[in-house]
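Visitor: This is the structure I want to talk about, given as structure tokens.
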Amino acid sequence: MLLERLRGWLRRRAPQPAHGAGDDGTSLFRERYHALRLLLAANNKALDTMAEMELAARAEEPFGMAFVHSRCTAVGVSVYAMVRHLDELAPGSYPELFPALSAIQDRIREAVAGRKPRREAPLVVPLAAVDRGWTPDVGSKMATLGEAAGLLGLNVPPGFVITGAAYELLLAHNDLQPEIDRLIQTSDSDEPAEIFALSSRLRQLVVHAEVPAALADAIAGAYEALAAAVGSRPAIALRSSAVGEDSAEASFAGQYATELNIRPEHLVDAYRQVVASKYSPQAMQYRLQRGLRDDWLAMCVGCMAMVDARAGGVAYTANPGDPTDRRVVISAALGLPKAVVDGRFVADEFILSRERPVRLAARHIAAKPGRLTLDPAEGVVREEVVGAQQTAPAVSDAEAVSVAEIALALEDHFGGPQDIEWAVDPDGEVVVLQSRPLQQVAAAAPGAELAGVSPLLAGGLCVSPGAAAGRVSRVERDSDALRFGDGAVLVVQHPLPRWAALLPRAAAVVAAGGGIAGHLATVARESGVPALFGLAGAEALEEGLEITVDASGRALYPGRIDALLGAERRHASAIAGSPVHATLLDALALIAPLNLLDPSDVSFRPASCRTLHDITRFCHEKAVREMFDFGRQHRFPKHESKQLYHNVPMQWWVLDLEDGFNRPLTGKYVRLADIGCRPMLALWRGMVAVPWEGPPAMSGRGFASVLFEATANPALATPFRKPYAQQNYFMISSTFMNLQSRFGFHFAAVETVAGERDHENYLGFSFKGGAADLERRAGRVAMICEILEERGFAVEAREDHATARLAGLPAAVMERQLELVGYLIMHTRQLDMIMNDPAVVAHYRAKIVADLERIASGEPGAGG
Amino acid sequence: MAIKVLLVDDETSFVETLKRRLTLRRLEVLTAASAAEALALLSEQEPDVVVLDVRMPGMSGIEATREIRRTHPTVEVILLTGHASLEASMEGMTMGAFDYLLKPVSIDELIFKIEDAHRRRNLRRAGTEGEPGGPDGHGGGGG
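Here the protein sequences line up with chains A and B, keeping their order.
Quick note: the first sequence uses our numbering, first residue 54, plus one each step.
Quick note: the second sequence uses our numbering, first residue 363, plus one each step.
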């Protein structure tokens, strides 16, 4: 249908304005020239955007779908503008371009949309009915829990899951996705202040979304069924279960909200809160760092009868910091397990053997000054623990053994070490609340012994190994997070999950409280950020102090201690191979490759364009030619090309497009003094800076080869039809220059804009040809490319054809580089002849480099 | 003479900020909070360039582009939006928008685009009315 509209647009186009007699063609000429300039600017922007996308495709830095969408859109708009401007330059000449572009755009759109991994599902499904086969509909957390209850017969609270289909319905009903994408796109900054502000806007959007009646009814119905089944009206715990969580590397630990002890009449509100937590700052950072697609991630929400836990915590079926240690580690707190997960309290630790029967190997009982319990009205409250209960174990040894046995059963069933959240209910039964693969990291070598430096603080628990240095940045509130600097050491009282948003910028994390089982610890391990928790005295660290954190050695040192830092922290780019990265590569395959190379080839036509780059290449080539032909065919005396006169008439013609001459010229010649085009003058200076020594001396065999190629290779033609084929043409304005030149078998084209808008400035230099065999011609091109690359050009070469490009630099810099290009055009002619003799090659290369140095230093004179 | 620009966006704080900055850069700025308001304003005082948001309550920026191009063929339209959509951008361009820019955009880039669009408007008017040249003089290029 887009195609239809394009055709319609073509049909509707107004006829070209008629130009009456007496018109000197100025307005028509200017309109064409303006179209050319806009086309060239669009070409420049398209190439810049492609280069930016190719850089991102190396996956060295994280990027999100907003980047993919915006760059695809930008490059598409630029290329469309080129096609339209070409149509203005040559009305109706290339009607096949619009359909060709439209077809490529359609394919890019499909590539970016991707295949959303989703299927038809009910809005709500009972937890007991799901197993891992349901993962795409209910998320891995709830699918796993359902299977633990059903297949394994473990004790899991009864409940239901609000599915991914419900999430889709909520978004579609409110048309939220475009607005979400728009908000993310317009922020486009990774400063903490901006991320927190964006997160807040996105969450409000979701919290205020209208829940469609069908969904509200389904949730209410599911709750009534649950109430009937358990014979009471239980309060509900709502837990996130995102589709996409199950990826092996992505734990999503603590990224999303959990709403505990919610009354049934507030279910829908709490549901929206949990869904909105998809856009918590830590979750957004987490997805960005791992290249997960925001639009593919559906938030499912598990609703389970609230367990009034007497005690609870986390169990690991292996040591997360040491894969060789396969003992079971249990962290236990009084009251709700949230106390352990949030890292809010120091927990008891039980270590148990994995061999059956499971035996207790060790236990460390902590002083527990508080616990989290259910508020009689709604939600959770903190309660003080007093007297002997503080130091009494949170669970009995027998209960710890039960937890370990259940944990090992889950490991046996799901395969691989597990990370389990559990609770002991008022009847003393162990209840499973969650099970997921345990993230493990290799233990780092113990910290080096340091002679003469005493630690600032020592002790605590290494929850993520390694060492790093940075300045102390204390964070207790969101407002502190806003000024968190890159590379600082994050120092917190409680290692709350929310601080995970700062991990990509943090050198290390130090917490006064917390333990190995908290969510922040999990994410620190995954991100490879050294972290030391439960470190007494950390709360007193001075803001801004430079310290070295040796998490493995469990100590903090003053200043930066290089001996400890050793190997540079491995900042694994988790984005390589991720869904976002794959999407970019798919789109890029339709954008960046260049298939259209040779303008003289019959395949140089719109129908052969397979990528946006092909379209830009075609449009550029044709636009330059059309502009030129326009100047030739319309014999307005004012706009005729002039022959350059420098001592004698030369084989150079100059076409003024706008303001390239200093004064109106009437004769057939133009002198250098009349030229007002600074880029052309710069190029000319380079051309005449050093006298040409003439063609290089060559061996007899070389000469024979040249004669053969000269007769056998008809492809050595310029893009211009005769009779201009043997001539050199400049098209100029005061800040623009396009040169097409041919010297014998050498073809060179230079195009530049060097004006006041730095970001629109560019210099493109393409060259090809030679008369020797292909190997030597390619050798010449490679040598020139090397020289250009050393001087800051981005170079692409294929066989004996190369293009070099610079962009975005001030006009003065562009002019220096034009001198260099001018020199190369004159002095690399026929060097293909000598490319089979390394000694001669070295001689010429040294001479060229020395000449260029002299020109760059502004030494000998210019020819104008 | 200053370039006259009409800014159309339902986000009023954005419009006001942008208006201040463009005015500072010597552009004459009119504003409208919706496409309907913009179309009404357009027939009273014709701007050189309209800078239009894409997603607005009521008539969308895409439809407004078509309407403006139909009723005021020499007024150039620049779409400026946070809506990074291939489809919407192609629709907008097909409707005759001069460009489709994504927020956030640098103020310099926006001004350059406005200048380019204005220049094109002048050239087109010069072409259709047979006037020799617009306000940009010929041959001013200094060497």
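Just so you know, even glycine gets a beta-carbon here, dropped at the ideal spot from N, CA and C.
Note that the coordinates shown come from a computational prediction; the quantities given were computed from them, not determined experimentally.
#1: Can you pull the chain B neighbours of residue 161 of chain A, defined as C-beta to C-beta under 8 Å?
#2: With C-beta atoms as the reference, is residue 443 of chain B less than 8 Å away from residue 486 of chain B?
#3: Identify the continuous alpha helix (DSSP H) that holds residue 507 of chain A and give its terminal residues.
#4: Quick one: list the residues of chain A neighbouring residue 421 of chain B, beta-carbon separation under 9 Å, in chain order.
#5: Per DSSP, residue 366 of chain B forms a beta bridge with which residues?
#6: Considering only residues of the same chain and omitting the five flanking positions on each side of residue 914 of chain A, which have a CB-CB separation below 8 Å?
#7: At the level of alpha carbons, what is the spacing between residue 118 of chain A and residue 347 of chain A?
#8: For residue 227 of chain A, which residues from the same chain have a beta carbon less than 8 Å from its beta carbon, with the 5 sequence-adjacent residues on both sides left out?
#9: Buried or exposed: which applies to residue 74 of chain A, given that a residue is buried once 16 or more other Cβ atoms fall within 10 Å of its Cβ?
#10: Please classify residue 68 of chain A as buried or exposed, where buried requires at least 16 neighbouring CB atoms within 10 angstroms.
#11: Should residue 849 of chain A be labelled buried (16 or more other beta-carbon atoms within 10 Å of its own) or exposed?
#12: Using a 10 Å radius around the Cβ and a threshold of 16 neighbouring Cβ atoms, would you call residue 382 of chain B buried or exposed?
#13: Just to make sure I have the definition right: I need the residues of chain B whose C-beta is within less than 8 Å of the C-beta of residue 231 of chain A. Which are they?
#14: Label residue 257 of chain A either buried or exposed according to how many other C-beta atoms from any shown protein chain fall within 10 Å of its C-beta, with 16 as the threshold for buried.
#15: I'd like to know if residue 395 of chain B contacts chain A, where contact means its C-beta is closer than 8 Å to some C-beta of that chain.
#16: In chain order, what residues of the same chain have a beta carbon less than 7 Å from the beta carbon of residue 255 of chain A, not counting five sequence neighbours either side?
#17: In terms of residue numbering, what span does the beta strand (DSSP E) encompassing residue 440 of chain B cover?
#18: Mind checking who residue 474 of chain A pairs with in its DSSP beta bridge?
#19: Can you give me the Cβ contacts of residue 220 of chain A inside the same chain, cut-off strictly under 7 Å, excluding the 5 residues immediately before and after it?
#20: Are the C-beta atoms of residue 485 of chain B and some chain A residue less than 8 Å apart?
#21: Between the segment 386 to 401 of chain B and the segment 416 to 431 of chain B, are three or more C-beta pairs nearer than 8 Å?
#22: What is the rounded straight-line gap between the Cα of residue 585 of chain A and the Cα of residue 633 of chain A?
#23: Does DSSP classify residue 227 of chain A as helix, strand or coil?
#24: Residues of chain A with CB closer than 8 Å to the CB of residue 461 of chain B, please, in chain order.
#25: I think residue 555 of chain A touches residue 245 of chain A, with their Cβ atoms under 8 Å apart; what is that distance to the nearest whole Å?
#26: Does the ligand HEM have a heavy atom nearer than 7 Å to the CB of residue 494 of chain A?
#27: Assuming residue 814 of chain A and residue 865 of chain A form a contact by the criterion Cβ under 8 Å, report the distance between their Cβ atoms to the nearest whole angstrom.
#28: Run through DSSP, which three-state label would residue 502 of chain B get?
#29: Got a sec, what are the start and stop residues for the beta strand (DSSP E) residue 18 of chain A sits in?
#30: Taking only the alpha-carbon atoms, compute the straight-line gap between residue 740 of chain A and residue 845 of chain A and give it to the nearest angstrom.
#31: When you compare the CB of residue 448 of chain A with every CB in chain B, is at least one pair closer than 8 Å?
#32: Quick check: residue 460 of chain A and residue 471 of chain A, are their CB atoms within less than 8 Å of each other?
#33: So, under 8 Å CB-CB, residue 335 of chain A and residue 551 of chain A are touching, yes? Tell me the CB distance rounded to an integer number of Å.
#34: Quick one: residues in its chain with C-beta nearer than 6 Å to the C-beta of residue 854 of chain A, no 5 flanking neighbours on either side, listed in chain order?
#35: Are the CB atoms of residue 105 of chain A and residue 641 of chain A within a distance shorter than 8 Å?
#36: For residue 488 of chain B, which residues in chain A fall below 7 Å Cβ to Cβ?
Guide: Let me spell this out:
#1: Working through the first sequence from its first residue, we reach residue 161 of chain A at position 108. Neighbours of residue 161 of chain A on chain B, chain order: 448.
#2: As a position in the second sequence, residue 443 of chain B is number 81, starting the count at 1. As a position in the second sequence, residue 486 of chain B is number 124, starting the count at 1. No. Outside cutoff.
#3: Here residue 507 of chain A corresponds to residue number 454 of the first sequence, with the count starting at 1. No alpha helix (DSSP H) contains residue 507 of chain A, which DSSP labels as neither H nor E.
#4: As a first step, residue 421 of chain B is located in the second sequence; it is residue number 59 there, counting from the start. The premise fails here: residue 421 of chain B is roughly 16 Å from chain A at the closest Cβ pair, so nothing lies under 9 Å.
#5: The residue labelled residue 366 of chain B in the question sits at position 4 within the second sequence. For residue 366 of chain B, which the question treats as bridged, DSSP gives the partners B:390.
#6: Within the first sequence, residue 914 of chain A is the residue found at index 861, counting from 1. Any reading at residue 914 of chain A needs caution, since the residue's pLDDT is 44, under 50, leaving its predicted position unreliable; the model's value is listed next. Within the same chain, residue 914 of chain A has close Cβ partners 742.
#7: As a working mapping, residue 118 of chain A is identified with position 65 in the first sequence. As a working mapping, residue 347 of chain A is identified with position 294 in the first sequence. Answer to the nearest angstrom: the Cα atoms are 7 Å apart.
#8: As a first step, residue 227 of chain A must be located in the first sequence, where it is residue number 174. So the qualifying residues of the chain are 262 and 263.
#9: Here residue 74 of chain A refers to the residue found at position 21 when the first sequence is read from its first residue. The predicted model places residue 74 of chain A with a pLDDT of 38, which falls under 50 and marks its position as unreliable; any figure quoted below should be read in that light. The residue in question, residue 74 of chain A, is exposed, as its Cβ has fewer than 16 Cβ neighbours within 10 Å.
#10: Position 15 of the first sequence, counting from 1, holds the residue named residue 68 of chain A. Note that residue 68 of chain A scores a pLDDT of 42, beneath 50, so its modelled location is shaky; the value from the coordinates is reported in the next line. Counting Cβ neighbours within 10 Å, residue 68 of chain A comes out exposed, since fewer than 16 surround it.
#11: Here residue 849 of chain A refers to the residue found at position 796 of the first sequence. By the neighbour-count rule (16 or more Cβ atoms within 10 Å), residue 849 of chain A is not buried but exposed.
#12: Translated into the one-based positions of the second sequence, residue 382 of chain B becomes position 20. Per the 10 Å Cβ criterion, exposed.
#13: Against the first sequence, residue 231 of chain A aligns to sequence position 178. By Cβ distance, chain B contributes 417, 445 and 447.
#14: Sequence index remark: in the first sequence, residue 257 of chain A carries index 204 (1-based). The residue is exposed, with fewer than 16 neighbouring Cβ atoms inside 10 Å.
#15: Reading the second sequence from its first residue, position 33 is the one you call residue 395 of chain B. Judged by the 8 Å Cβ criterion, residue 395 of chain B is not in contact with chain A.
#16: For the purposes of this step, residue 255 of chain A is taken as residue 202 along the first sequence, with counting starting at 1. 233, 236 and 332, listed in sequence order.
#17: Taking the second sequence and counting its residues from 1, the one referred to as residue 440 of chain B is at position 78. Looking at the DSSP string, the run of the beta strand (DSSP E) that includes residue 440 of chain B is 438 to 443.
#18: The residue given as residue 474 of chain A occupies position 421 in the first sequence. Bridge partners of residue 474 of chain A: A:367 and A:487.
#19: Start at 1 with the first residue of the first sequence, and residue 220 of chain A comes out as number 167. The residues are 328, 351, 352 and 353.
#20: Taking the second sequence and counting its residues from 1, one reaches residue 485 of chain B at position 123. Chain A contact via Cβ: present.
#21: yes
#22: By 1-based counting over the first sequence, the position of residue 585 of chain A is 532. By 1-based counting over the first sequence, the position of residue 633 of chain A is 580. Rounded to the nearest angstrom, the two C-alpha atoms are 32 Å apart.
#23: Here residue 227 of chain A corresponds to residue number 174 of the first sequence, with the count starting at 1. Here residue 227 of chain A sits in helix by DSSP.
#24: Against the second sequence, residue 461 of chain B aligns to sequence position 99. Ordered by position in chain A, the residues that pass the 8 Å Cβ test against residue 461 of chain B are 130 and 134.
#25: The residue labelled residue 555 of chain A in the question sits at position 502 within the first sequence. The residue labelled residue 245 of chain A in the question sits at position 192 within the first sequence. That belief holds up - the Cβ atoms of residue 555 of chain A and residue 245 of chain A are roughly 7 Å apart, short of 8 Å.
#26: Ligands in the displayed structure: none, and consequently the ligand HEM is not present.
#27: As a position in the first sequence, residue 814 of chain A is number 761, starting the count at 1. As a position in the first sequence, residue 865 of chain A is number 812, starting the count at 1. Not confirmed; about 10 Å, so no contact.
#28: Working through the second sequence from its first residue, we reach residue 502 of chain B at position 140. Note that residue 502 of chain B scores 32 on pLDDT, short of 50, meaning its location in the model is unreliable; the coordinates nonetheless yield the value given after this. The answer is coil: DSSP assigns residue 502 of chain B none of H, G, I, E or B.
#29: With chain A represented from 54 up to 917, any question about residue 18 of chain A goes unanswered, as that position is not in the structure.
#30: As a position in the first sequence, residue 740 of chain A is number 687, starting the count at 1. As a position in the first sequence, residue 845 of chain A is number 792, starting the count at 1. Their Cα atoms are separated by approximately 20 Å.
#31: Residue numbering aside, residue 448 of chain A sits at position 395 when the first sequence is read from its first letter. No, residue 448 of chain A does not count as interfacial toward chain B.
#32: For the purposes of this step, residue 460 of chain A is taken as the residue at position 407 of the first sequence. For the purposes of this step, residue 471 of chain A is taken as the residue at position 418 of the first sequence. In this structure, residue 471 of chain A lies closer than 8 Å to residue 460 of chain A by Cβ.
#33: Counted from its first residue, the first sequence places residue 335 of chain A at position 282. Counted from its first residue, the first sequence places residue 551 of chain A at position 498. Indeed they touch by this definition, with Cβ atoms about 6 Å apart.
#34: Residue 854 of chain A sits at position 801 when you count from the first residue of the first sequence. Result list for residue 854 of chain A: 821, in chain order.
#35: As a position in the first sequence, residue 641 of chain A is number 588, starting the count at 1. As a position in the first sequence, residue 105 of chain A is number 52, starting the count at 1. No.
#36: Locating residue 488 of chain B in the second sequence gives position 126, where the first residue counts as 1. By Cβ distance, chain A contributes 80.
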